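One structure below.
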Amino acid sequence: MDFKNFALSISQTKVARFAKELAEGKIMATLCKKCGKKYYPPRADCSDCMSSEMEWKPIGGEGKLVTFTKIYVPPEHFAIRQPLMPFSSVQFEPCPIGILEVEDGLRIMGWIPKIDVKKIRVGMKLKASPQILLDGKVTIILETL
Ligand SMILES: [Zn+2]
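Position one of the sequence shown corresponds to residue 1 (our numbering), numbered consecutively onward.
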């Protein structure tokens, strides 16, 4: 099967700056200059007033956990723990993913790798931070303050 490489097309979008800033340690949102609506993930155009005049703003990242779930078959690059089965990359330990509500009601989805799954509670205060994984990919993690 022939797979397309989307790397080039992603770097040419109007919101490509998001990935670049994330790799540099900043979580960015966009703010509509006309009506003031804030967007996360960033948008190039405002869906409320149809303006394309957007301003990029960093998000502080501190907020409350709105919800979370456990993924039993996580993406390969989330497998930071040793595989439980010899000669296999399969990881059966649940991988928690949550949604954090931060400033202005913006919601950030992130991986929660550093907190024991049994101790994660809706409403707990966490901080979203960019994290570069072992394979060089960038993700957002949610961790305690
Ligand atoms: Zn607007």
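For every residue, glycine included, the Cβ atom is placed at its ideal position computed from N, Cα and C. Bear in mind the structure is a predicted one, so any value in this text is a computation, not a measurement.
{"Asked": "In terms of alpha-carbon separation, which member of Cys49, Ser51, Glu103, Cys95 lies closest to Ile141?", "Found": "Cys95"}
{"Asked": "Quick check on Val66: does DSSP put it in helix, strand or coil?", "Found": "strand"}
{"Asked": "Report yes or no: do three or more beta-carbon pairs, one from the stretch 65–72 and one from the stretch 115–128, lie closer than 8 angstroms?", "Found": "yes"}
{"Asked": "Is Ser129 near ligand 1, in the sense that its beta carbon is under 8 angstroms from a heavy atom of that ligand?", "Found": "no"}
{"Asked": "Around the Cβ of Val102, are there at least 16 other Cβ atoms within 10 angstroms (buried) or fewer (exposed)?", "Found": "buried"}
{"Asked": "Just to confirm my understanding: we take Ser52, look at its own chain, exclude 5 residues before and 5 after, and list those with CB closer than 7 angstroms. What are they?", "Found": "Ala44, Asp45"}
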